[in-house]
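Visitor: Chains A and B supply the protein sequences, listed in that same order.
Residues 1 to 287 (my numbering) are what the first sequence spells out, left to right.
Residues 1001 to 1217 (my numbering) are what the second sequence spells out, left to right.
All C-beta atoms in this analysis are idealised placements derived from N, C-alpha and C, irrespective of residue type, glycine included.
Just so we're clear, the structure is a prediction, and the values are computed from it rather than from any experiment.
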Amino acid sequence: MSTTPPMLRIRNLHKHYGSNPILRGIDLDVARGEVVVVIGPSGSGKSTLLSCINFLEPFDTGEVRIDGEPIGWCGGGEGSRVRQSERDLDRLRASVGIVFQQFNLFPHMTVLANLIEAPTQVLRIPETQARARALALLEKVGLSGKAGAYPGELSGGQQQRVAIARCLAMQPKLMLFDEVTSALDPELVGEVLAVMRRLRDEGLTMIVVTHEMGFARDVADRVVFMDGGVIVEQGPPAQLFHRPNARRTREFLGKFANTDERATTLASAPPTGDPPGPLPPSNLVSP
Amino acid sequence: MDFELAVFLEVLPALAAGAVVTAQLALGAALLGLVFGLLGGLARVSGNRLLRGTSLGYVLIVRGLPLLVILLFLYYGLPSIGVLLSAPTVAVLALSITNGAYVTEIVRAGIESIDRGQMRAARSLGMSYPLAMRRIILPQAFRRVLPPLTNEAITLVKNTALVSVIAISDLLRAGVDAMTWKANTFSPFAGVGLLYLVLTIPLLVLNRTLERRYRIR
Ligand SMILES: Nc1ncnc2c1ncn2[C@@H]1O[C@H](COP(=O)(O)OP(=O)(O)OP(=O)(O)O)[C@@H](O)[C@H]1O
Ligand SMILES: [Mg+2]
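So, in structure tokens, the structure goes:
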């Protein structure tokens, strides 16, 4: 079926903050079920790119399509475009999950309430159904016992797994991960990466911004190196990590030479705390 | 000193009636002020320039004017353009317009004190701005604004004393009347002070309790 559009298609994306160009012409396609890892130095525009994909940050020019459907601007050429209706934007955003470095769980709600909030309020799924799905997802991320807890009572690794489950509860087409382990104590990184590894195995389409190079090498179908608001180079992990073409890529990767081993060890370590339950047969994306 | 227990006890019922009027005015103005303040605060953080500007103008004008001027303008000024409001209506309106301006600032600060990541997370899940405000931001802001709101309520109770200038028989007016009628200043005023404290001290205690509870978290 050559007519199926890619899950994500980005063309010539530009974004300024004030007079600073942050994204300077990004082209990126992500196929169904593909895992793309984005690496790059601080300030290279990785977070901005993710925020533009679901239009949390409006981009200036270019095009973003999610499963074939444009998000953000619609209408004719550059001059005559108009902002998409809020209703359409909300609908498209609901189909793209994003997990943040700082978790951003809703602190005034229990874990369960965090998971059923958007499904019931946005998708209008009946509460009993949303609840059943939420409990299944909690089991999947190894937090069955924590449904009634408040986010403040959980460790960082547990909170981040709840945040992932909260996104999954919306049955997203695409998940974005923005340095989701950077705020965690080193011993909690592994349990979050283990969950992401499983999502990859279940065929979820993901874009992962990370500094965990070992993890990137393991899970990525493709690695994208960004610097200065452009994609400098991309390719399969074996090629990009071992035979990078651009000098900037080599310089960047050189800084990780020492930490590589640590990242790999952590990435493959089993999660601490409650281990994730057995893998249910159903596809995670449509439980 | 001319404190006489007999006079004190004799005027107490009249003063209590005045205290009820004062409490009613304060309660009405607090509720209406909360509505003004919530709308004002939401307008103040909205993406709409006109709403933001209107709300800012409201706060600046009201905070820059003495309450007495607002009160007398509504009572004596409005009738000259054909708007005639009863004294209690003017009283509640003036008090709640003033209170609402301060509550606007409290609500704005409360909303802005919530981490921006909360709104981002809510919107990224497909929640609309109003839904995210109602379900995610305001419930969290609510706890933070409770202590300053009780503070405003105390100010409001004390501000009600000004309405005695427009012929409302509130607590202060009841005291002044009793003083003239009994030709005794100290005893009625002891009662007036006492009854104001009966109204304000519970609010002060509540304010302290809330401040302590929400500071620790
Ligand atoms: N809201 C904003 N307003 C102004 N400038 C911003 C804003 N957000 C980001 N920037 C700037 O845009 C540039 C790219 O930021 P971005 O967060 O996308 O980088 P990043 O690649 O994610 O970096 P890091 O690895 O540190 O997370 C930075 O120079 C940053 O200062
Ligand atoms: Mg970033």
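Quick one, which of B:Asn1099, B:Val1090, B:Thr1200 and B:Gly1028 has its alpha-carbon nearest B:Ile1166's?
Guide: It is B:Val1090.
Visitor: Judging by CA-CA distance, which residue of A:Gly203, A:Arg248 and A:Met109 is the nearest neighbour of B:Leu1138?
Guide: That would be A:Met109, whose Cα lies nearest to the Cα of B:Leu1138.
Visitor: Specify which residues have a beta carbon nearer than 5 Å to any heavy atom of ligand 4, listing them in chain order.
Guide: Ligand 4 is not part of the structure shown, which contains ligand 1 and ligand 2 as its ligands.
Visitor: Secondary structure at B:Ile1114, three-state DSSP: helix, strand or coil?
Guide: In this structure, B:Ile1114 counts as coil in the three-state DSSP scheme.
Visitor: Confirm, please, whether the CB-CB distance from B:Ile1106 to B:Pro1066 is below 7 Å.
Guide: No, Cβ-Cβ distance for B:Pro1066 and B:Ile1106 is not below 7 Å.
Visitor: Is the shortest distance between the beta-carbon of B:Arg1120 and the beta-carbons of chain A less than 7 Å?
Guide: Cβ-Cβ to chain A under 7 Å: yes for B:Arg1120.
Visitor: Are the CB atoms of A:Thr61 and A:His14 within a distance shorter than 7 Å?
Guide: Cβ atoms of A:His14 and A:Thr61: closer than 7 Å.
Visitor: Using a Cβ-Cβ distance cut-off of 7 Å, determine whether A:Pro278 contacts chain B.
Guide: Per-residue confidence for A:Pro278 stands at a pLDDT of 42, beneath the threshold of 50, marking its modelled position as unreliable; no derived number is given.
Visitor: Look up A:Val177 in the DSSP assignment and give the residues it is bridged to.
Guide: As written in the sequence, residue 177 of chain A is Phe, which differs from the Val given in the question. Its beta-bridge partners are A:Val99 and A:Val208.
Visitor: For A:Arg93 and chain B, any beta-carbon pair shorter than 7 Å?
Guide: Taking Cβ atoms only, chain B reaches closer than 7 Å to A:Arg93, which makes this a yes.
Visitor: Tell me where the alpha helix (DSSP H) around B:Met944 begins and ends.
Guide: Because chain B here runs from 1001 to 1217, residue 944 of chain B falls outside it and cannot be looked at.
Visitor: Using C-beta distances below 8 Å, list every residue in its chain close to A:Leu112, excluding the 5 sequence neighbours before and after it, in chain order.
Guide: Around A:Leu112: Arg131, Ala134, Leu135, Leu138, Ala147 and Gly148.
Visitor: Pick helix, strand or coil for A:Phe252, following the three-state DSSP scheme.
Guide: Reduced to three states, the DSSP call for A:Phe252 is helix.
Visitor: A:Tyr300 by DSSP, collapsed to three states: which one?
Guide: No answer is possible for residue 300 of chain A: it lies beyond the span of chain A, which begins at 1 and ends at 287.
Visitor: Where does A:Asp88 sit, in a helix, a strand or coil, going by DSSP?
Guide: Helix.
Visitor: Per DSSP, A:Ile231 is paired with what?
Guide: In DSSP, A:Ile231 forms a bridge with A:Met226.
Visitor: At least one CB of chain A closer than 7 Å to the CB of B:Pro1130: is that the case?
Guide: Answer no: the Cβ-Cβ gap between B:Pro1130 and chain A never drops below 7 Å.
Visitor: On the CB-based measure, 16 or more other CB atoms within 10 Å of its CB, does B:Tyr1102 come out buried or exposed?
Guide: B:Tyr1102 is buried by the Cβ-count criterion.
Visitor: On the CB-based measure, 16 or more other CB atoms within 10 Å of its CB, does A:Cys74 come out buried or exposed?
Guide: Exposed.
Visitor: Counting only Cβ pairs nearer than 7 Å, list the residues of chain B close to A:Ile98.
Guide: By Cβ distance, chain B contributes Ser1124.
Visitor: Taking the beta carbon of A:Arg250 as the centre, do at least 16 other beta carbons fall within 10 Å, making it buried, or is it exposed?
Guide: Result: exposed.
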